[in-house]
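Novice:
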Amino acid sequence: MFTLSKLTAAVTVGLMAASSTLAQTCSPQFTEGTPYAIASNINDSYIWLFNGASAGVPSAVHLEVVPPQFSTWFLTSTSDGGWTISIDSPAVTCVTAPAGEDATLTTGSCANAAGTNADFSISCASCTDSEATSCTLVAASSQECVIVPGDSDGDPSIRSLECTGTPEELWNIFAP
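All letters in the sequence shown, in the order written, are residues -23 to -1, 1 to 153 by mature numbering (1 follows the signal peptide of the UniProt record, and there is no 0).
In structure tokens:
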């Protein structure tokens, strides 16, 4: 026989389990050497493009409406469980997230990337063999999120002290 307190406890446990399930995330398993595209979760027609800037030049990563051809990115695991995002395979030139007020993503060396501004932890709401959706990208060096500019058209920046799951912090990574 269920008493009111037992019923309340059962409902509470059920609600806690449901909210825990909703909050679960996955760690994607990208295939090294496979090209990927990275798009804004706000509007997936906005994708990361490499603008050809040389290493260290700000705004080497630009976000714009899908062009005729995707820029491809290669993800390589680091020794601390993170990922580098490079323009080449094997990884030589990586996306970096320099610390600083309103810093934008740029490129730099992939050498010894673990724990540096070229090392990103990636956590997603959904992961399959070919794509990961609603992902946060956190720079290992500063523990800050990569965010979409307010107008979703410009340079992704690294200005969020913690990932809270807001739409501006979410990215989709997929094999084009």
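For every residue, glycine included, the Cβ atom is placed at its ideal position computed from N, Cα and C.
Straight-line CA distance for Cys140 to Glu146?
Specialist: In the sequence shown, residue 140 corresponds to position 163, counting from 1. In the sequence shown, residue 146 corresponds to position 169, counting from 1. Those two C-alpha atoms are separated by around 7 Å.
Novice: Could you tell me if Asp96 is buried or exposed, where buried requires 16 or more neighbouring beta carbons within 10 angstroms of its beta carbon?
Specialist: The residue given as residue 96 occupies position 119 in the sequence shown. Buried, because 16 or more other Cβ atoms sit within 10 Å of the Cβ of Asp96.
Novice: How should Pro67 be labelled, buried or exposed, when 16 other C-beta atoms within 10 angstroms of its C-beta is the threshold for buried?
Specialist: Numbered from 1 along the sequence shown, position 90 holds the residue referred to as residue 67. Exposed is the call here.
Novice: Just verifying my parser: in three-state terms, what is the DSSP assignment at Pro144?
Specialist: For this step, residue 144 is matched to residue 167 along the sequence shown. If DSSP states are grouped into helix, strand and coil, Pro144 belongs with the helices.
Novice: Could you tell me the distance, in whole angstroms, from the CA atom of Pro153 to the CA atom of Glu9?
Specialist: The count along the sequence shown starts at 1 and reaches residue 153 at position 176. The count along the sequence shown starts at 1 and reaches residue 9 at position 32. Using only the alpha carbons, I get a separation of about 15 Å.
Novice: Decide if Pro5 is buried, meaning its Cβ has at least 16 other Cβ atoms within 10 Å, or exposed.
Specialist: In the sequence shown, residue 5 corresponds to position 28, counting from 1. Buried is the call here.
Novice: Please confirm if the region 14 to 29 is in contact with the region 49 to 66, defined as three or more CB-CB distances below 8 Å between the two stretches.
Specialist: Counting Cβ pairs under 8 Å, three or more are found: they touch.
Novice: Considering only C-alpha positions, which residue in the set Ala80, Ser119, Ser103 is nearest to Ala91?
Specialist: Here residue 91 is taken as the residue at index 114 of the sequence shown, counted from 1. The candidate whose alpha carbon is nearest that of Ala91 is Ser119.
Novice: Rounded to the nearest angstrom, how far is the Cβ of Asn149 from that of Asn20, given a contact under 8 Å?
Specialist: Taking the sequence shown and counting its residues from 1, one reaches residue 149 at position 172. Taking the sequence shown and counting its residues from 1, one reaches residue 20 at position 43. In fact, because the Cβ distance is near 10 Å, the residues do not count as touching under 8 Å.
Novice: Can you tell me where the beta strand (DSSP E) with Pro12 in it begins and where it stops?
Specialist: Residue numbering aside, residue 12 sits at position 35 when the sequence shown is read from its first letter. Per DSSP, Pro12 belongs to the beta strand (DSSP E) from 12 to 17.
Novice: Determine the contact status of Thr2 and Ser100, defining contact as a CB-CB distance below 7 Å.
Specialist: By one-based count along the sequence shown, residue 2 stands at place 25. By one-based count along the sequence shown, residue 100 stands at place 123. Yes, the pair counts as a contact, with Cβ atoms nearer than the cut-off.
Novice: Taking the CB atoms as reference points, tell me whether Phe151 and Glu121 lie closer together than 7 Å.
Specialist: By one-based count along the sequence shown, residue 151 stands at place 174. By one-based count along the sequence shown, residue 121 stands at place 144. No, the pair does not count as a contact, with Cβ atoms beyond the cut-off.
Novice: What residues in its chain sit with their C-beta under 6 Å from that of Thr143, if we drop five residues either side in the sequence?
Specialist: In the sequence shown, the residue the question calls residue 143 occupies position 166. None.
Novice: Bridge partners of Phe7, per DSSP?
Specialist: Your numbering for residue 7 matches position 30 in the sequence shown. DSSP output for Phe7 lists no bridge partner at all.
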